[in-house]
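Just so we're aligned, residue 1 is where the sequence shown starts under the UniProt record's numbering, counting upward by one.
No residue lacks a Cβ here, since even glycine has one placed at the ideal position from N, Cα and C.
Everything numeric in this text was worked out from a predicted model, so none of it was measured.
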Amino acid sequence: MNSLRTSSSGFLITSSPVQSTSAPPVFTPAALSPRKETSRLHQRLLAAIPSTILEEELQGALRQLLKKNASQKSQIITMQSSLVLNGAYCDLVRGQLAAQEESKKKKAKGRLVGDGLPRLLTAAAFVDRVVAFNDAAEKNAAELATRKATRTERSTVMDEWKALEKDRKARNMEIRAQHKLDVAAWEEERDRAKLLHKRPGWKKPLLKSVLFSPVPKPTFAEPEAAGTGAPAGAGDDDETDKGSEPSDDDSGSGSDGENDDD
């Protein structure tokens, strides 16, 4: 079992997710002669009338051996055929798994991959939306500072901010789920390395550096409302936002505080 664990087929006895690059052991069929009738020599030996008890016993033993060999040959042919078909099935499934992995990479580029190594996390479309939102907020800051923002303006800006935050949290949930898989793969590698008295081949994947940070909440710089000592933007919209879901903790999970090399 230890030999299998440290071989290229070790993934078969671990709980790590199977990758499309994980290849099963190669089976090489043995060459077998085609089925044929009993040879003429055996036919003559079996057709001869025995003259002694020993000859009769030898004929009986020959019949049993011929029958046993025919049965074993049939079983070997069946098993080899099954193994060849299983190999073709594995190749088909690995091809489909590779296509699925490629599709996931296109949907979420930069996500932590199965080898546990972090890659550049951009999610271009989402980042562009955040940049455009911040640019628009800065562009309108001066105008909103000289007059009271209308309820429609506040609502529009807050709706866009909430949409970005919702998208960010959804992406972070996907990243956290993938991170759990990567940590599990790393732990398998760590355990294998301990058996061999070696260090893991890569460091434990960290979560903090790959999460999207919260989108800054828009503020409305306005002159103080007449007759009150409070800023004019601290009213209705703050109450509206109280019902929104609490932001997730993007500072990372407790698992990242562990020693990377254990």
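- Between P205 and V183, the C-beta spacing is below 8 Å.
- In the three-state scheme derived from DSSP, where H, G and I count as helix and E and B as strand, G87 is classed as helix.
- Going by DSSP, H42 is part of the alpha helix (DSSP H) stretching over R40 to A47.
- Rounded to the nearest angstrom, the Cβ distance from L164 to V84 is 54 Å, too far for a contact under 8 Å.
- From the listed residues I175, E101 and S3, the smallest Cα separation to S209 is found for I175.
- Under the three-pair Cβ rule at 8 Å, the segment 28 to 45 counts as touching the segment 71 to 89.
- With fewer than 16 neighbouring CB atoms inside 10 Å of its own CB, V131 falls in the exposed class.
- Per DSSP, reduced to three states, the secondary structure at T156 is helical.
- Taking the Cα positions, E187 is about 19 Å away from S3.
- Exposure of P50 is indicated by the presence of fewer than 16 other C-beta atoms within 10 angstroms of its C-beta.
- In this structure, the alpha-carbon of R94 lies about 26 Å from that of R190.
- Its Cα nearest to that of A99, the residue Q19 stands out among Q19, A61, K169 and A47.
- Ranking G87, A70, L196 and Q178 by CA distance to the CA of S39 puts A70 first.
- Burial state of Q96 is exposed, judged by a 10 Å Cβ sphere holding fewer than 16 other Cβ atoms.
- Taking C-beta separations shorter than 6 Å and ignoring five residues to either side along the sequence, the partners of V157 in its chain run P218, following chain order.
- Taking 8 Å as the upper bound for CB-CB distance, L62 and L41 are not in contact here, some 10 Å apart.
- Separation of T21 and S103 (C-alpha to C-alpha, rounded to the nearest whole angstrom) is 16 Å.
- In this structure P17 does not touch L211 by the C-beta definition: roughly 22 Å separates them, more than the 8 Å allowed.
- When the alpha-carbon of R168 is set against those of R192, H197, R154 and S213, the nearest one is in S213.
- Sixteen is the threshold: since fewer than 16 other Cβ atoms of the shown chains lie within 10 Å of the Cβ of L58, the residue is exposed.
- Within the same chain, Cβ atoms closer than 8 Å to the Cβ of F133 are found at E160, W161, L164 and V215, the five residues on either side in sequence being excluded.
- Between K194 and H179, the alpha-carbon positions lie close to 22 Å from each other.
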